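Protein chains in written order, with numbering that gives the first Met the number 0: chain A, 0 to 306; chain B, 0 to 262.
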Amino acid sequence: MIQLAGHRPAAADPTPPLRTGWWRAVPWRDLLGVAPFAAYLLVFLGGPLYFVVSGALSDADGRPTLDNVIASLTAPQYRAAFLSSLQVSALTAVIGAVFGAFLAYAVLTGRPASPLRRTVSTASGVLAYFGGVPLAFAFIAALGQTGLATIWLRGAGLDLYAAGFRIDSLTGLGLTYVYFQIPLMVILITPALEGLLPQWREAAENLGASAWAYWRLVALPVLAPALAGATLVLFGNAFAAYATALALTSGSIPLVPTAIASALSGNVLVGQQNVGLALGLDMVLVITVVMVAYLALQRRANRWNRR
Amino acid sequence: MTRGRRWRAVVLALAALYFLLPLVAMLEFGLRAPGGGYGPANFLAVVRDPVLLSSLLTSLQIALVAAVLVIALVVPTAVWVRLRLPAVAGLLESATILPIVIPPVVMAAGIAFVQANLDGPLFRELFASSLTALTPFYVVLALPFAYRAVDNGLAAIPLRTLVEAARNLGASMAGALLRVVLPAIRSAVLGAAFLTLALVLGEIVIARILLYTDTFPVAIVEVGRSQAGVAVALSLAALVLTWVLLLAVSFAGGRRTGAERTP
Chain A
0 MIQLAGHRPA AADPTPPLRT GWWRAVPWRD LLGVAPFAAY LLVFLGGPLY
50 FVVSGALSDA DGRPTLDNVI ASLTAPQYRA AFLSSLQVSA LTAVIGAVFG
100 AFLAYAVLTG RPASPLRRTV STASGVLAYF GGVPLAFAFI AALGQTGLAT
150 IWLRGAGLDL YAAGFRIDSL TGLGLTYVYF QIPLMVILIT PALEGLLPQW
200 REAAENLGAS AWAYWRLVAL PVLAPALAGA TLVLFGNAFA AYATALALTS
250 GSIPLVPTAI ASALSGNVLV GQQNVGLALG LDMVLVITVV MVAYLALQRR
300 ANRWNRR
Chain B
0 MTRGRRWRAV VLALAALYFL LPLVAMLEFG LRAPGGGYGP ANFLAVVRDP
50 VLLSSLLTSL QIALVAAVLV IALVVPTAVW VRLRLPAVAG LLESATILPI
100 VIPPVVMAAG IAFVQANLDG PLFRELFASS LTALTPFYVV LALPFAYRAV
150 DNGLAAIPLR TLVEAARNLG ASMAGALLRV VLPAIRSAVL GAAFLTLALV
200 LGEIVIARIL LYTDTFPVAI VEVGRSQAGV AVALSLAALV LTWVLLLAVS
250 FAGGRRTGAE RTP
């Protein structure tokens with residue numbers, strides 16, 4: 000592909016003097032082209048988020064207060080919900096990242112455009128984004144009371160349910176989450192793995208490095224920011240997920256989204272709605288921290304990109 | 000070299016086991032007949048049960064409208080960013096991660112607040128049916144991966160050359176987009192549309208919290224409370240259908256570019 004130099008026809012004044020102000024350098028007319036996209040996100044993503052924040056910071060009559068936020072952070076049932084949400088997110092993010100990276104590398108070392116690669120990449124898309132409901136039923140079919148894997152394991156002398164396993168427990172939920180975390184990791188990490196230049200490995204080998212030394216001293220340091228960033232996205236993904244839990248358990252596992260949903264549905268005290276929104280605000284803050292860290296890591300990861 | 004191959008085979012075999020086992024279990028579970036033995040009864044529930052059938056039609060309608068909106072938003076924006084605003088490409092790519100991690104439950108909470116507290120003809124229109132109420136927000140959830148899919152498609156074609164050639168021959172910008180760029184990236188666009196379908200067939204959080212219970216995934220979960228076999232069978236059918244569609248697009252796209260390289 001031919002990359003033309005110069006991204007846009009030079010404007011009438013190609014080098015705006017700094018003194019006239021920085022806004023001269025901003026291509027305002029060009030920014031209009033992304034305005035519909037930005038406006039859509041502002042209305043349909045920014046709108047709901049605005050009402051979450053404003054509702055979280057006011058009481059049932061609309062007066063500003065911090066009580067909801069304080070309640071959402073101190074009440075014992077919400078603390079328990081945050082703890083198990085953070086646990087299951089962190090654990091499935093790390094497991095998904097490790098296995099997803101290995102799987103992505105195993106697929107990448109095959110022929111490009113092979114049926115294997117197409118199968119894995121399309122299946123990753125479906126499983127990573129299909130999310131919740133079908134996966135919940137897949138695991139009910141496999142590891143539920145009468146599931147196929149449960150029956151097989153019982154035949155092999157291992158009775159999961161006698162050992163205390165339940166598919167609608169935190170463990171069962173974690174197992175199901177890994178099923179979409181691994182595919183998401185494959186999607187996220189494949190570009191970074193493709194960016195490992197063969198020349199680096201050749202150079203390392205010519206200098207006498209073993210495969211292990213190459214990975215430890217060259218490849219892993221280069222990949223580290225991308226791996227850490229992708230793990231953070233996986234964490235955010237699991238932290239945000241609720242459909243699986245909803246389909247699997249009808250709300251018996253204490254997770255933050257479960258707490259939000261029950262506060263919103265109003266089957267608790269009046270005024271709990273605003274506490275539900277405050278829990279939503281807490282989630283958004285956690286996600287924001289994760290995303291800021293991800294963007295910082297992404298910047299480091301791009302250092303080795305030739306683009 | 001053989002050690003590398005063996006390592007690869009082990010990883011792929013483990014992955015195949017972990018990913019195929021639940022699918023095989025779904026098939027076995029879905030084929031179990033209510034009275035014992037095996038039969039397709041659970042799969043046929045979708046045509047037997049009018050509630051399930053109408054919910055499927057509702058969800059397909061939502062998916063269609065959402066896919067059209069997603070493509071109308073994403074294709075011009077991605078083209079524009081590649082041609083005119085490469086400086087914001089990185090920013091936009093990061094922004095497209097956002098809806099992956101924005102909790103649907105939080106979006107639902109904000110929308111529920113609007114639903115309960117704001118009134119007016121505009122809002123009444125918006126919340127009139129599951130189609131009008133859910134579609135705009137499913138579009139938001141679908142934007143990140145649709146943007147990625149389309150942008151990858153654009154990276155694979157000589158976009159600037161194509162657009163400049165079309166413009167030199169007298170096409171308007173919109174004409175160049177519709178008649179040159181869109182056909183050139185059609186497999187990426189179809190991929191984005193099918194992933195939107197996947198999302199719509201799997202989303203229950205927003206629908207449940209806003210009390211729109213007539214979509215397919217919500218109906219499946221409801222059925223699953225009493226007839227797990229039906230829910231498993233239909234989930235499998237939806238999963239396999241979407242995947243086959245994506246796989247077909249992937250192979251069709253691959254053949255096309257392969258054929259073009261040998262004139």
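Just so you know, even glycine gets a beta-carbon here, dropped at the ideal spot from N, CA and C. Since we're looking at a predicted model, the values are computed, not measured.
- Task: Check whether the region 132-149 of chain B touches the region 237-244 of chain B, taking contact to mean three or more Cβ pairs, one atom from each stretch, closer than 8 angstroms.
- Result: At 8 angstroms Cβ cutoff, the stretches do not touch.
- Query: For Gly38(B), is the classification buried or exposed, using 16 other Cβ atoms within 10 angstroms of its Cβ as the cut-off for buried?
  - Reply: Mapped onto the second sequence, residue 38(B) falls at position 39. In the assembly as shown, Gly38(B) is an exposed residue. Its beta-carbon has fewer than 16 other beta-carbons within 10 Å.
- Message: Give me the residue from Tyr241(A), Gly235(A), Arg302(A) with the minimum Cα distance to Ala292(A).
- Response: Position 293 of the first sequence, counting from 1, holds the residue named residue 292(A). With distances taken between Cα atoms, Ala292(A) lies closest to Gly235(A).
- Message: For Trp79(B), count the other beta carbons within 10 Å of its own beta carbon; 16 or more makes it buried, fewer makes it exposed. Which is it?
- Response: The residue given as residue 79(B) occupies position 80 in the second sequence. Around the beta carbon of Trp79(B), a 10 Å sphere encloses 16 or more other beta carbons of the protein chains shown; the residue is thus reported as buried.
- Item | Entirely enclosed alpha helix (DSSP H) segments - the region 2-68 of chain B, minimum 4 residues | Under the rule that a run must span 4 or more residues, the alpha helix (DSSP H) segments found entirely inside the region 2-68 of chain B read 40-47.
- Status (buried if at least 16 other CB within 10 Å, exposed otherwise) for Leu157(A): Taking the first residue of the first sequence as position 1, residue 157(A) is located at position 158. Answer is exposed; the Cβ neighbour count stays below 16.
- Using a beta-carbon distance below 8 angstroms, is Phe101(A) in contact with chain B? Numbered from 1 along the first sequence, position 102 holds the residue referred to as residue 101(A). Chain B contact via Cβ: present.
- Query: Are there 16 or more other CB atoms within 10 angstroms of the CB of Pro102(B), so buried, or fewer, so exposed?
  - Reply: In the second sequence, residue 102(B) corresponds to position 103, counting from 1. So Pro102(B) counts as buried.
- Task: Name, in chain order, the residues that DSSP records as bridge partners for Ser57(A).
- Result: Within the first sequence, residue 57(A) is the residue found at index 58, counting from 1. Paired residue(s): Pro63(A).
- Query: Looking at the C-beta of Gln297(A), does it have a partner C-beta in chain B at a distance below 8 angstroms?
  - Reply: Locating residue 297(A) in the first sequence gives position 298, where the first residue counts as 1. Output row for Gln297(A): interface = yes.
- Which residues in chain B sit within 8 angstroms of Phe43(A), going by Cβ to Cβ distance? By one-based count along the first sequence, residue 43(A) stands at place 44. Those within 8 angstroms of Phe43(A) in chain B are Pro135, Phe136, Val138, Val139.
- Query: If you measure beta-carbon to beta-carbon, which residues of the region 169-194 of chain B are closer than 8 angstroms to chain A?
  - Reply: So the close ones are Gly190, Leu194.
- Message: Using only CA atoms, which one of Asn151(B), Ala148(B), Asp150(B), Pro182(B) lies nearest to Leu161(B)?
- Response: Within the second sequence, the letter at position 162 stands for residue 161(B). Comparing C-alpha distances from Leu161(B) to each of Asn151(B), Ala148(B), Asp150(B), Pro182(B) shows the shortest one belongs to Pro182(B).
- Query: Which residue from Val232(A), Val255(A), Ala260(A), Thr257(A) puts its Cα closest to that of Leu97(B)?
  - Reply: For the purposes of this step, residue 97(B) is taken as residue 98 along the second sequence, with counting starting at 1. Residue Val232(A) is the option with its Cα nearest to Leu97(B).
- Query: What's the call for Val74(B), buried or exposed, on a 16-neighbour Cβ count within 10 Å?
  - Reply: Along the second sequence, read from residue 1 onward, the residue named residue 74(B) stands at position 75. Only buried fits Val74(B), as 16 or more other CB atoms lie within 10 angstroms of its CB.
- Message: What does the alpha-carbon distance come out to for the pair Arg302(A) and Ser234(B)?
- Response: Position 303 of the first sequence, counting from 1, holds the residue named residue 302(A). Position 235 of the second sequence, counting from 1, holds the residue named residue 234(B). Between the alpha carbons of Arg302(A) and Ser234(B) lies a distance of about 42 angstroms.
- Output yes or no for whether 8 angstroms exceeds the beta carbon distance between Arg188(B) and Val149(B). Taking the second sequence and counting its residues from 1, the one referred to as residue 188(B) is at position 189. Taking the second sequence and counting its residues from 1, the one referred to as residue 149(B) is at position 150. It should be noted that the sequence gives Val, not Arg, for residue 188(B). The answer is yes: Cβ separation under 8 angstroms.
- Query: What is the DSSP secondary structure of Gln271(A), counted as helix, strand or coil?
  - Reply: By 1-based counting over the first sequence, the position of residue 271(A) is 272. Gln271(A) falls in the helix class under three-state DSSP.
- Where Gln180(A) sits in the DSSP three-state scheme: Counting from 1 along the first sequence, the entry for residue 180(A) is found at position 181. DSSP places Gln180(A) in helix when its eight states are reduced to three.
- Does the distance from the CB of Ala141(A) to the CB of Leu13(B) come in under 8 angstroms? Here residue 141(A) corresponds to residue number 142 of the first sequence, with the count starting at 1. Here residue 13(B) corresponds to residue number 14 of the second sequence, with the count starting at 1. At a Cβ-Cβ threshold of 8 angstroms, Ala141(A) and Leu13(B) do not count as neighbours.
- Can you tell me the Cα-Cα spacing of Thr134(B) and Ala191(A), whole angstroms? For the purposes of this step, residue 134(B) is identified with residue 135 of the second sequence, where counting begins at 1. For the purposes of this step, residue 191(A) is identified with residue 192 of the first sequence, where counting begins at 1. The C-alpha of Ala191(A) is placed about 34 angstroms away from the C-alpha of Thr134(B).
- Query: What is the DSSP secondary structure of Tyr49(A), counted as helix, strand or coil?
  - Reply: Position 50 of the first sequence, counted from the start, is the residue given in the question as residue 49(A). In the structure shown, Tyr49(A) sits in a helix (DSSP, three-state: H, G or I).
- Task: Give the residues from the region 215-231 of chain B that approach chain A closer than 7 angstroms (Cβ to any Cβ), ordered along the chain.
- Result: Those residues of the region 215-231 of chain B that come within reach of chain A (Cβ to Cβ, closer than 7 angstroms) are Pro216, Ile219, Val220, Gly223, Ala227, Ala230, Val231.
- Pro120(B) versus Phe43(A) - alpha carbon distance: As a working note, residue 120(B) is residue 121 in the second sequence. As a working note, residue 43(A) is residue 44 in the first sequence. Cα to Cα, the separation comes out at about 18 angstroms.
- Message: Out of Ser264(A), Leu294(A), Ala295(A), Leu245(A), which one is the CA nearest neighbour of Ala135(A)?
- Response: Taking the first residue of the first sequence as position 1, residue 135(A) is located at position 136. Its Cα nearest to that of Ala135(A), the residue Leu245(A) stands out among Ser264(A), Leu294(A), Ala295(A), Leu245(A).
- Taking only beta-carbon positions, decide if Tyr77(A) is within less than 8 angstroms of chain B. The residue given as residue 77(A) occupies position 78 in the first sequence. Using a CB distance cut-off of 8 angstroms, Tyr77(A) does not count as an interface residue toward chain B.
- Message: Counting only beta-carbon separations shorter than 8 angstroms, does Leu121(B) have a partner in chain A?
- Response: Residue mapping note: residue 121(B) aligns to position 122 of the second sequence, counting from 1. Residue-level contact by beta carbon fails for Leu121(B) and chain A, as no gap is shorter than 8 angstroms.
- Message: Taking CB distances under 8 angstroms as the criterion, tell me whether Phe36(A) reaches chain B.
- Response: Stepping through the first sequence from its first residue, residue 36(A) is reached at position 37. Interface criterion met: the Cβ of Phe36(A) is under 8 angstroms from a Cβ in chain B.
- Task: Check the Cβ-Cβ distances between Gly38(B) and every residue of chain A, and say whether any is below 8 angstroms.
- Result: For the purposes of this step, residue 38(B) is taken as the residue at position 39 of the second sequence. Contact of Gly38(B) with chain A is not assigned, every C-beta pair being separated by 8 angstroms or more.
- Helix, strand or coil at Gln226(B) according to DSSP, with G and I counted as helix: Position 227 of the second sequence, counted from the first residue, corresponds to residue 226(B). Three-state DSSP puts Gln226(B) in coil, outside helix and strand.
- Item | Amino acids of chain B, ordered along the chain, whose beta-carbon sits closer than 8 angstroms to that of Asn236(A) | Against the first sequence, residue 236(A) aligns to sequence position 237. From the beta-carbon of Asn236(A), the residues of chain B found nearer than 8 angstroms are Ile99, Val100.
- Between the beta-carbon of Gly109(B) and the beta-carbon of Phe50(A), is there less than 8 angstroms? Numbered from its first residue, the second sequence carries residue 109(B) at position 110. Numbered from its first residue, the first sequence carries residue 50(A) at position 51. It is a contact, given that the beta carbons lie within the stated cut-off.
- Item | Cβ-Cβ distance between Ile61(B) and Ser129(B) below 8 angstroms | For this step, residue 61(B) is matched to residue 62 along the second sequence. For this step, residue 129(B) is matched to residue 130 along the second sequence. Yes, Cβ-Cβ distance for Ile61(B) and Ser129(B) is below 8 angstroms.
- Task: Pick out whichever of Gly173(A), Ala127(A), Ser84(A), Thr73(A) has its Cα sitting closest to the Cα of Pro253(A).
- Result: Taking the first sequence and counting its residues from 1, the one referred to as residue 253(A) is at position 254. The closest CA to that of Pro253(A), considering only Gly173(A), Ala127(A), Ser84(A), Thr73(A), is found on Ser84(A).
- Message: Can you tell me where the alpha helix (DSSP H) holding Gln114(B) begins and where it ends?
- Response: Within the second sequence, numbered from 1, the residue matching residue 114(B) stands at position 115. Secondary structure note for Gln114(B): its alpha helix (DSSP H) is the uninterrupted segment 103-116.
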